[in-house]
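Colleague: Below you will find the structure I want to go over with you.
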Amino acid sequence: MNSRLWTLAGAFFFCLGWIGIVLPLMPGFVFLLVALFCFLRGHPEWAERMQNHKVYGPPLRDWRERRAISRKAKKSAVVAMTLAGTITAATVGFPIALIPLTCLAAVAAWMWTRTEA
51 MNSRLWTLAG AFFFCLGWIG IVLPLMPGFV FLLVALFCFL RGHPEWAERM QNHKVYGPPL
111 RDWRERRAIS RKAKKSAVVA MTLAGTITAA TVGFPIALIP LTCLAAVAAW MWTRTEA
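For reference, each letter of the sequence shown is one residue, going 51 to 167 in this note's numbering.
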């Protein structure tokens, strides 16, 4: 892909990331990580600005440099996943909800095995 497409994809995922920060059931930080990935290939200056941001820059740097997640972020993610899983189970019914609940449990277990920032 050329740099314009990487930059466009980065801008798209950056917007999704900010929406996810506002909406509690959408994984905002994941989209910011994807945006950083895209910007590193398409517009390195924007990637640098993201990593130097005072709020979300440190966790992006922690993940990029050491694959580390802070304990606070882990707790917040597990709370959000629990809430999303509860809403899913209540909305679609228990047998069908086993699929997303299993995925959420696997992601939570994987996340807790990551290095702490």
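Just so it is clear, CB atoms sit at the ideal spot from N, CA and C, and this is done for glycine as well.
(1) What beta strand (DSSP E) runs, 3 residues minimum, are completely inside the region 67-146?
(2) How would you label tryptophan 160, buried or exposed, when you count the other beta carbons within 10 angstroms and need 16 or more for buried?
(3) Please report how far the alpha carbon of glycine 107 lies from the alpha carbon of methionine 100, in whole angstroms.
(4) Are leucine 154 and methionine 131 touching if we call contact CB-CB under 9 Å?
(5) With a cut-off of 8 Å on the beta carbons, I'd call cysteine 88 and tryptophan 68 a contact; round off their distance for me.
(6) According to DSSP, is threonine 163 part of a helix, a strand, or is it coil?
Modeller: By the coordinates alone:
(1) none
(2) In the sequence shown, residue 160 corresponds to position 110, counting from 1. Tryptophan 160 should be labelled exposed.
(3) Taking the first residue of the sequence shown as position 1, residue 107 is located at position 57. Taking the first residue of the sequence shown as position 1, residue 100 is located at position 50. Spanning the two alpha carbons is a distance of roughly 6 Å.
(4) Taking the sequence shown and counting its residues from 1, the one referred to as residue 154 is at position 104. Taking the sequence shown and counting its residues from 1, the one referred to as residue 131 is at position 81. It is a contact, given that the beta carbons lie within the stated cut-off.
(5) Position 38 of the sequence shown, counting from 1, holds the residue named residue 88. Position 18 of the sequence shown, counting from 1, holds the residue named residue 68. Rounded, the Cβ-Cβ distance is 15 Å, inconsistent with contact.
(6) The residue labelled residue 163 in the question sits at position 113 within the sequence shown. Three-state DSSP puts threonine 163 in coil, outside helix and strand.
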